[in-house]
Amino acid sequence: MKTQKFKRPLAWACLIWLISVTSLTAQDGKLTEDEAFFYEEFDEIAGVYDPFESVNRFTFEFNDFVFSNTLQPLVDTYTAITPDTVEEGASNFFHNLRYPVRLASNLLQCRFKGAWVETGRFAINSTLGIVGIMAPADDYESFAPIESEDVGQVFGAWGIGEGPYLVLPFLGPSNLRDLAGLFGDRAINPIKEPFSMIDDWEWEWQLTTSGADYISRSPQIIERYKQLKGSSIDPYSSLKNGYTQYRRGAVAE
0 MKTQKFKRPL AWACLIWLIS VTSLTAQDGK LTEDEAFFYE EFDEIAGVYD PFESVNRFTF
60 EFNDFVFSNT LQPLVDTYTA ITPDTVEEGA SNFFHNLRYP VRLASNLLQC RFKGAWVETG
120 RFAINSTLGI VGIMAPADDY ESFAPIESED VGQVFGAWGI GEGPYLVLPF LGPSNLRDLA
180 GLFGDRAINP IKEPFSMIDD WEWEWQLTTS GADYISRSPQ IIERYKQLKG SSIDPYSSLK
240 NGYTQYRRGA VAE
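First residue of the sequence shown? That's 0 in numbering that gives the first Met the number 0, and the numbers climb one at a time after it.
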């Protein structure tokens with residue numbers, strides 16, 4: 000009993016620490032797959048199937064409240080006390096850990112060159128980069144960073160339609176195809192291991208790693224989102240249009 004009582008406070012302490020070191024990753028201009036679409040320039044208005052617009056708008060407002068009143072203060076606080084090198088290292092670590100998702104997504108699209116590059120980057124960064132904390136593979140032209148692939152893009156490459164537009168609580172813009180892709184990514188993602196093999200620690204460590212990974216994937220997103228809100232008459236429509244065009248472009252590449 001004493002051991003079990005000790006484990007849970009330790010897990011929560013680790014959660015707080017991991018969040019603190021993964022809060023905002025200013026990576027010298029490098030973008031993650033989650034923030035890239037904020038930086039795209041879209042001139043055309045995408046035709047988007049949005050039959051659940053009223054529900055989506057409600058969820059959009061909910062997410063906006065959460066981001067503005069919870070996530071943003073958390074990120075601002077920890078960014079102020081966390082060195083940039085630690086932030087970048089944490090982001091690199093989690094990106095490296097998601098290698099199986101990118102590898103499988105490349106192979107399922109017969110993108111063998113992409114699979115080779117991802118494998119080379121993983122091998123170099125996991126060894127010379129100390130389990131992915133650093134990214135020395137960036138220095139090798141043959142293994143320069145490439146666009147990340149995911150299961151949602153695989154479904155698109157297979158000809159599966161995007162389906163209705165959705166706004167997911169906490170996660171933001173998506174569509175039915177990408178929602179299914181999230182489940183595929185989750186099935187491949189190794190972040191839940193090896194802690195899921197430890198029954199007593201399963202939910203604590205999954206919460207710890209998932210929470211830290213989630214926050215590590217939000218560099219500059221909040222600031223760009225604030226800019227989008229400030230420059231748009233209808234931020235909901237602007238985000239919907241930007242996300243849809245970005246994902247269509249990613250599938251078409």
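Virtual Cβ for every residue (Gly too), placed ideally from N, Cα, C. This structure is a prediction, so every number in the text was calculated from the model and none was measured.
- The beta carbon of Asn95 sits closer than 7 Å to the beta carbons of Phe121, Asn124, Ser125, Gly131 from its chain, once the five residues preceding and following it are set aside; these are given in chain order.
- The beta carbon of Asn55 sits closer than 6 Å to the beta carbons of Val166 from its chain, once the five residues preceding and following it are set aside; these are given in chain order.
- Inter-segment contact for the region 147-158 and the region 97-116 is present: three or more beta-carbon pairs are separated by less than 8 Å.
- Under the DSSP assignment, Gly171 falls outside any alpha helix (DSSP H), being part of the beta strand (DSSP E) whose first and last residues are 171-174.
- Here the alpha carbons of Ala134 and Phe92 stand approximately 9 Å from one another.
- Distance check between Gly171 and each of Phe64, Tyr48, Gly46 places Phe64 closest, using alpha-carbon atoms only.
- The secondary-structure analysis by DSSP pairs Leu127 with nothing; it has no beta-bridge partner.
- In the assembly as shown, Tyr164 is a buried residue. Its beta-carbon has 16 or more other beta-carbons within 10 Å.
- Per DSSP, the continuous beta strand (DSSP E) segment holding Val166 begins and ends at 164-167.
- DSSP places Ser67 in no alpha helix (DSSP H); its state is neither H nor E.
- Take the alpha-carbon of Asp184 and the one of Gln226: they are about 30 Å apart.
- Rounded to whole angstroms, the Cβ separation of Tyr245 and Phe59 is 17 Å, and the two are not in contact under 8 Å.
- The continuous alpha helix (DSSP H) containing Tyr224 extends over residues 220-230.
- One alpha carbon belongs to Cys109, the other to Asn68, and they sit about 43 Å apart.
- In the three-state reduction of the DSSP assignment, Gln152 falls in the helix class.
- One thing to note: Ala179 has its Cβ within 8 Å of the Cβ of Phe154.
- Per the coordinates, the alpha-carbon of Ala136 lies some 29 Å from the alpha-carbon of Tyr242.
- Under the three-state reduction of DSSP output, Ala143 falls in the coil class, being neither helix nor strand.
- DSSP places Phe92 inside the alpha helix (DSSP H), whose first and last residues are 83-96.
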